[in-house]
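What follows is a single structure, written as structure tokens, with notes after it.
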Amino acid sequence: MPEVSSVRVRFAPSPTGTLHLGGARTAIYNWAFARKHGGDFILRIDDTDPERSTPENVQQILDAMTWLGLDWDEGPSLDGSIAGDAGPYFQTQRSSTYQPALEKMIANNAAYRCFCSAGELSAKRDAARLAGGSSGYDRTCRFLSDDEVKTRIDADLPFVWRLKVPEVRTSVIVKDLVRGDIEFPIETIDDLVLMRSDGTPTYNFASTVDDATMGITHIIRGDDHLSNTPKQILIFEALASDDKGGAVPAFAHLSMIYGEDGKKLSKRHGAVGVEEFAEMGFLPDAMLNGLALLGWSLDAETTIITPEMLKAQFSLDRVSKNPARFDIAKLEHINSIYIQEMNTEKFVQAMLPWLEEAGLSSSADVAVRPEWYTELAPLISERIKLMTEVVPMTKFLFVDEIEIDEKARAKALDKDPEVTAAVLAATSSTIEGLDDFSLSSIEAAIKDLPSKLDLKPRVVFQAIRVAISGSLVSPPLFESVALLGKERALERLSSAI
RNA sequence: GCCCCAUUGGAGUAGCGGUUAUCUCGUCAGCCUUUCAAGCUGAAGAACACGGGUUCGAAUCCCGUAUGGGGUACCA
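Under numbering that gives the first Met the number 0, the residues of the first sequence are numbered 0 to 496, in order.
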């Protein structure tokens with residue numbers, strides 16, 4: 000009998016920027032966990048910060064997730080439609096759910112009005128801190144009598160709603176799937192504000208209500224939320240009807256991702272947005288693989304983990320507790336493996352956008368001479384780490400006129416102009432006589448040149464290489480000549496002398 | 001100040017009381033070779049932050065210290 004799983008997880012980015020590496024990794028773990036358990040992966044946009052949230056950022060986040068291959072079961076879609084019926088999936092559209100939630104908490108005797116002004120509060124906070132104790136709210140308004148409350152309401156004093164932290168218990172224990180049980184003494188938990196004086200919910204309240212009403216079973220998020228968790232647990236408990244147990248979801252807090260200097264990853268470390276890595280020539284699957292490995296491992300050995308493997312084998316108990324530093328060199332290595340393992344047809348398709356963008360090629364050209372691309376692909380795929388490298392490596396094959404690199408010219412051409420002239424002339428005449436311009440016949444023709452000219456292979460071949468490609472570094476020589484074609488090859492040889 | 005979390009070679013990790021401390025990246029050297037890669041072979045590099053315990057035995061358990069991080073808002 001198949002086990003009916005009820006796992007529901009969510010990724011709730013705040014659209015105050017694009018999807019950065021840390022957020023992407025959180026999304027990946029949520030997604031992989033949902034897939035592994037046959038549960039639902041929900042995308043919720045926590046856009047309650049009107050100053051910094053923008054529709055463009057929302058779009059960017061959706062695009063980045065789609066690019067990574069993270070499909071969600073519920074949430075806003077790329078085309079503007081919405082999937083799922085636990086919505087709305089934009090926090091700004093959920094305002095109607097917070098008031099009833101608050102009323103429920105009031106009914107459960109878990110919330111109270113606070114009339115303290117901002118000035119009073121900060122003064123109290125400073126005093127408490129100086130005294131060396133907890134910096135939480137001193138609960139002045141918690142013990143107001145009904146009459147006192149009524150007087151203040153009648154006087155039209157503004158007020159907020161605060162959480163009434165239970166006095167009877169000694170601590171709140173967070174059962175964390177990554178870190179184990181973490182105990183917070185009850186006296187260190189603040190009577191935090193639930194509802195602001197303008198009637199809007201605070202983050203901790205809104206987020207908890209959303210998670211509760213959406214039926215979230217596992218909250219997997221960054222460990223910057225760990226200290227908020229006991230407060231949220233208290234809210235979860237206060238929200239639950241007395242007859243309903245198990246309302247508190249399980250938690251899993253992920254360590255931050257650091258930059259190479261050991262500091263929290265931020266823009267000053269260079270690229271941190273997923274879209275920037277796409278532009279740099281990383282492949283989505285490689286990105287997913289590399290990010291997943293930042294704080295999680297399949298076992299002691301495996302480095303290459305495909306999306307399919309992640310979906311089938313991800314587990315929270317193998318998530319590492321320590322913060323990982325982001326190392327782009329390793330990501331590049333992983334990327335190069337994915338590039339190498341693409342089959343020819345796939346690689347041609349992967350190359351095309353980069354060639355098109357550089358104005359070198361088009362899908363029409365691929366359609367006209369597919370076999371030419373088929374020959375080119377493996378030559379390139381085995382020697383690049385990033386897709387962006389396709390352009391400099393193949394440019395000489397597409398353009399009419401090449402620019403010869405100065406250093407290359409000095410080293411391979413100008414050192415001994417007479418020898419160079421002889422080599423290139425000999426090459427030209429050899430090639431010229433070729434009726435069959437196939438790789439094998441070119442190879443047969445050019446291979447003996449060094450011994451015929453009584454020169455070192457290195458001297459001969461590097462001169463030819465620079466003449467036809469303009470660079471000391473190129474795909475294999477014979478192949479390059481074949482791909483260039485007879486006419487162009489001859490042109491380059493003569494113009495280089 | 002107070003609360004919470006973390007600490008294994010340069011980086012990511014394995015390890016869950018007994019191992020020559022795992023694997024990957026990176027670094028270095030050699031092979032291959034017409035270049036660059038790839039590939040192959042090998043090497044250097046960690047007494048597991050430090051100090052105390054517990055134990056016959058600790059990277060693994062407990063307590064401190066140090067360092068780093070997070071929280072402590074009518075931010076998210």
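Glycine residues also receive a C-beta, built at the ideal position from the N, C-alpha and C atoms.
Alpha helix (DSSP H) segment containing residue i, residue limits
i: residue 337; result: 327–340
i: residue 255; result: Residue 255 -> no alpha helix (DSSP H), and no H or E assigned at all.
i: residue 276; result: 273–278
i: residue 450; result: 448–452
i: residue 480; result: 476–483
i: residue 288; result: 283–291
Helix, strand or coil at residue i [DSSP, three-state]
i: residue 1; result: Reliability of the predicted coordinates at residue 1 is poor, the pLDDT of 40 falling under 50, and no value is obtained from them.
i: residue 224; result: helix
i: residue 268; result: helix
i: residue 239; result: coil
i: residue 362; result: helix
i: residue 460; result: helix
i: residue 247; result: coil
i: residue 318; result: strand
i: residue 299; result: coil
i: residue 493; result: helix
i: residue 200; result: strand
i: residue 455; result: coil
i: residue 262; result: coil
i: residue 219; result: strand
Beta-carbon proximity check, residue i vs residue j, cutoff 8 Å
i: residue 498; j: residue 467; result: In the structure as shown, the chain begins at 0 and stops at 496. Residue 498 is therefore absent and cannot be evaluated.
i: residue 407; j: residue 492; result: no
i: residue 6; j: residue 228; result: no
i: residue 10; j: residue 31; result: no
i: residue 498; j: residue 206; result: Residue 498 is absent from the model: the chain starts at 0 and stops at 496.
i: residue 70; j: residue 135; result: no
i: residue 454; j: residue 418; result: yes
i: residue 481; j: residue 430; result: no
i: residue 181; j: residue 233; result: no
i: residue 158; j: residue 89; result: no
i: residue 281; j: residue 203; result: no
i: residue 219; j: residue 251; result: yes
i: residue 15; j: residue 56; result: yes
i: residue 279; j: residue 385; result: yes
i: residue 84; j: residue 41; result: no
i: residue 396; j: residue 483; result: yes
i: residue 413; j: residue 469; result: no
i: residue 272; j: residue 65; result: no
i: residue 248; j: residue 378; result: no
i: residue 497; j: residue 318; result: Since the first residue of the chain shown is 0 and the last is 496, residue 497 is not available in this structure.
Exposure of residue i, with buried meaning 16 or more beta-carbon neighbours within 10 Å
i: residue 129; result: exposed
i: residue 121; result: exposed
i: residue 368; result: exposed
i: residue 362; result: exposed
i: residue 3; result: Per-residue confidence for residue 3 stands at a pLDDT of 47, beneath the threshold of 50, marking its modelled position as unreliable; no derived number is given.
i: residue 77; result: exposed
i: residue 380; result: buried
i: residue 169; result: exposed
i: residue 256; result: buried
i: residue 98; result: exposed
i: residue 288; result: buried
i: residue 457; result: exposed
i: residue 155; result: exposed
i: residue 432; result: exposed
Limits of the unbroken beta strand (DSSP E) element including residue i
i: residue 110; result: 110–113
i: residue 309; result: First-last for residue 309: 306–312, but that is the alpha helix (DSSP H), not the beta strand (DSSP E).
i: residue 10; result: 7–10
>> Just to confirm the assignment: which complete beta strand (DSSP E) runs, minimum length 3, are found wholly within the segment 26–103?
In response: 39–42
>> So within the segment 351–425, which uninterrupted alpha helix (DSSP H) runs reach at least 4 residues, ignoring any that extend past its ends?
In response: 362–367, 369–380 and 389–397
> Which full runs of the beta strand (DSSP E) of 3+ residues lie inside the segment 113–194, going along the chain?
Replying inline: 159–162, 170–175, 179–184 and 192–194
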